[in-house]
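Take a look at the structure set out below.
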Amino acid sequence: MPTGSAEPLPLGRHAPLRGRASELTALARFVEAVLAGQSRVLVIRGEPGAGKTALLDYLAGQAPGCRVVRAVGVQSEMELAFAGLHQLCVPMLTRLDGLPEPQREALRTAFGLSTGPPPDRFLVGLAVLSLLSEEAEEQPLLCLVDDHQWLDSASAQALGFVARRLAADPVGLVLAARDPIAELAGLPGLTIDGLPDGDARALLDSALAGPLDARVRDQIVAETRGNPLALLELPRGLTPAQLAGGFGLAGARPLSGRIEESFLRQLQALPPEALRLLQLAAADPSGDVALVWRAAGRLGIPVQAGAPAVEAELAEFSPRVRFRHPLVRSAAYRSASVQDRREVHRVLAEVTDPRLDPDRRAWHRAEAAPGPDEKVASELELSAGRAQARGGLAAAAAFMERAALLTPDPARRTQRLLTAARAKCDSGALDAALGLLIAAEADPLDAQQA
105 MPTGSAEPLP LGRHAPLRGR ASELTALARF VEAVLAGQSR VLVIRGEPGA
155 GKTALLDYLA GQAPGCRVVR AVGVQSEMEL AFAGLHQLCV PMLTRLDGLP
205 EPQREALRTA FGLSTGPPPD RFLVGLAVLS LLSEEAEEQP LLCLVDDHQW
255 LDSASAQALG FVARRLAADP VGLVLAARDP IAELAGLPGL TIDGLPDGDA
305 RALLDSALAG PLDARVRDQI VAETRGNPLA LLELPRGLTP AQLAGGFGLA
355 GARPLSGRIE ESFLRQLQAL PPEALRLLQL AAADPSGDVA LVWRAAGRLG
405 IPVQAGAPAV EAELAEFSPR VRFRHPLVRS AAYRSASVQD RREVHRVLAE
455 VTDPRLDPDR RAWHRAEAAP GPDEKVASEL ELSAGRAQAR GGLAAAAAFM
505 ERAALLTPDP ARRTQRLLTA ARAKCDSGAL DAALGLLIAA EADPLDAQQA
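For the sequence shown, the working numbering assigns the number 105 to the initial residue and increments by one for each residue that follows.
Next up, the structure:
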């Protein structure tokens with residue numbers, strides 16, 4: 105289940121982050137405190153493309169005395185209970201045996217390493233806290249979590265618990281998110297805004313192949329509000345005539361949508377096999393490069409198809425699959441037709457081990473289903489049961505809802521909708537639960553169901 109992220113660059117190889125002097129100073133003090141034996145928590149907030157990931161990469165490269173572990177929230181894994189927490193803790197699981205037994209068993213059950221009753225959320229949080237403390241005894245520990253807004257709810261809740269209870273251990277926890285999040289309320293924060301105008305103009309100039317009219321340049325800087333990713337990516341693929349006309353100035357789409365459009369233009373310039381490979385990789389966010397190549401082989405995509413994508417700096421395939429930015433992944437997935445998406449999910453399901461990762465396999469099969477399919481719905485129902493056993497109520501609700509949508513028999517569909525509604529309610533998603541109840545009323549109800 106873990107998703108990989110690129111290794112941080114060695115100290116001194118980072119390019120300077122333009123216009124971020126105050127932010128870099130804050131991060132330097134953060135690392136100094138951790139190296140001095142203190143615990144620290146920091147929540148970095150900013151819109152897509154503001155530079156949160158760049159700051160995390162910089163921080164990882166500027167902490168040579170720390171052990172660095174990382175996790176990234178992935179939108180398509182939001183329904184998999186404890187997926188994000190599993191990413192973060194995998195490098196430390198060799199220390200599980202040193203935890204108190206109740207904590208150890210709670211974490212093992214949460215991660216699917218053993219079976220048992222649904223783990224107590226309090227014990228899971230304590231287990232993660234103890235695991236970080238054990239790891240930090242050997243070397244100061246830096247935990248970096250990107251795209252927190254896309255973590256599954258169980259992981260987000262556990263990390264919020266841990267963030268408020270770090271004590272005297274040399275542990276630094278940095279969480280990057282787009283918007284304010286309830287689990288992180290009240291924690292020390294660092295808000296990343298757009299670059300100052302001078303730095304924004306210089307960054308835009310660095311992305312252009314030729315000179316740009318000063319008035320148009322100022323309009324672009326104003327429209328992007330100094331967003332670094334927008335300044336670097338939006339001009340790509342546009343002609344001088346488009347730029348001279350004040351590109352994008354009439355567009356009313358959100359900035360993230362326009363950045364994704366820029367990535368889409370770059371993707372469409374790739375050879376067909378390279379684009380198909382990226383569509384395949386985008387459909388499975390596990391980062392397992394061996395899985396992607398097995399699926400690619402079934403689709404007749406050769407290994408060398410990845411070279412143009414790597415040369416364009418859109419993705420990398422070693423040691424794990426990693427896209428340059430989450431919006432590249434999103435653009436790649438959206439670039440595929442509905443039929444092509446179903447095909448890649450079908451192949452990914454075929455090459456996913458049903459014993460090691462039955463839930464991800466079931467989810468791929470569901471995404472590949474063109475219509476109601478009781479066999480797939482039954483697999484999803486089993487996944488819902490496993491998720492609930494691990495304490496993942498939101499994940500159980502998502503699996504059961506998807507199972508209901510794929511159920512051909514009206515009576516069984518109604519029962520699954522009601523079960524999903526109960527799980528939604530138990531997880532706190534009351535509006536979603538109400539929507540499922542309304543859907544269930546479309547079919548006849550027996551007295552107990554009513």
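Just so it is clear, CB atoms sit at the ideal spot from N, CA and C, and this is done for glycine as well.
Put simply, the stretch 324-335 does not touch the stretch 172-184. Fewer than three CB pairs are less than 8 Å apart. The distance from the Cβ of A470 to that of D256 is about 17 Å, inconsistent with a contact at the 8 Å cut-off. Spatial neighbours of L139 in its own chain (CB-CB distance under 6 Å, excluding positions within 5 residues in sequence) are listed in chain order as G169, P244. As summarised for the stretch 157-181, the continuous beta strand (DSSP E) elements at least 3 residues long and confined to that stretch are 171-176, given in chain order. Per the DSSP secondary-structure output, D250 pairs in a beta bridge with V176. The stretch 372-385 and the stretch 412-426 touch, with no fewer than 3 CB-CB distances between them shorter than 8 Å. Boundaries for R144: no alpha helix (DSSP H) harbours it, while the beta strand (DSSP E) harbouring it runs 144-149, taken from the DSSP string. For A466 against L510, the beta-carbon gap comes to about 11 Å, at or over 8 Å, which does not count as contact. The Cβ-Cβ distance between A525 and L549 does not fall below 8 Å. Contact check for V275 against A240 passes: the beta carbons are separated by less than 8 Å. The beta carbon of E454 sits closer than 8 Å to the beta carbons of A399, R402 from its chain, once the five residues preceding and following it are set aside; these are given in chain order. Excluding its 5 nearest sequence neighbours in each direction, T456 has C-beta neighbours in its own chain below 6 Å: R464, R465, listed in chain order. The stretch 221-234 and the stretch 198-213 touch, with no fewer than 3 CB-CB distances between them shorter than 8 Å. Shown here, V275 sits in a strand according to DSSP, grouped into three states.
The Cβ neighbour count for V266, taken over all protein chains shown within 10 Å, is at least 16; the residue is labelled buried. Straight-line measurement puts the Cα of A413 at about 9 Å from the Cα of P375. Nearest C-alpha to Q142 among N331, D273, K156: D273. Assigned with DSSP and collapsed to three states, E420 falls in strand. Per DSSP, L335 lies in no beta strand (DSSP E) segment; the continuous alpha helix (DSSP H) that holds it begins and ends at 332-337. Inclusion of L163 and V278 in the CB contact set at 8 Å is warranted, their separation being smaller than that value.
Nearest to D309 by C-alpha distance, out of S439, P292, R122, is R122. With a contact defined as Cβ atoms closer than 8 Å, G153 and I363 qualify at about 6 Å. With a 10 Å radius around the Cβ and a threshold of 16 neighbouring Cβ atoms, S218 comes out exposed.
In this structure, L235 is the residue among Q166, L235, G165, E151 with its C-alpha nearest to the C-alpha of L189. The three-state reading of DSSP puts T511 in coil, since its state is none of H, G, I, E or B. In the DSSP annotation of this structure, the continuous segment of the beta strand (DSSP E) that includes G293 starts and ends at 293-295.
Of all alpha-carbon atoms in P339, V451, L294, the one lying nearest the alpha-carbon of T129 is that of L294. Here S237 is buried. Its C-beta has 16 or more other C-beta atoms within 10 Å. Residue environment: L395 is assigned as buried (16 or more neighbouring CB atoms within 10 Å of its CB, all protein chains considered). F503 is classed as buried because its beta carbon has at least 16 other beta carbons within 10 Å across all chains shown.
Excluding the 5 residues flanking it on each side, G264 has same chain C-beta neighbours closer than 7 Å at E287, L288, in chain order. Here the alpha carbon of P221 sits roughly 17 Å from the alpha carbon of D530. Using a Cβ distance threshold of 8 Å, K156 and A280 count as a contacting pair.
Distance from the CA atom of F186 to the CA atom of A158, rounded to whole angstroms, is 25 Å. P389 counts as buried, since at least 16 other C-beta atoms from the protein chains shown sit within 10 angstroms of its C-beta.
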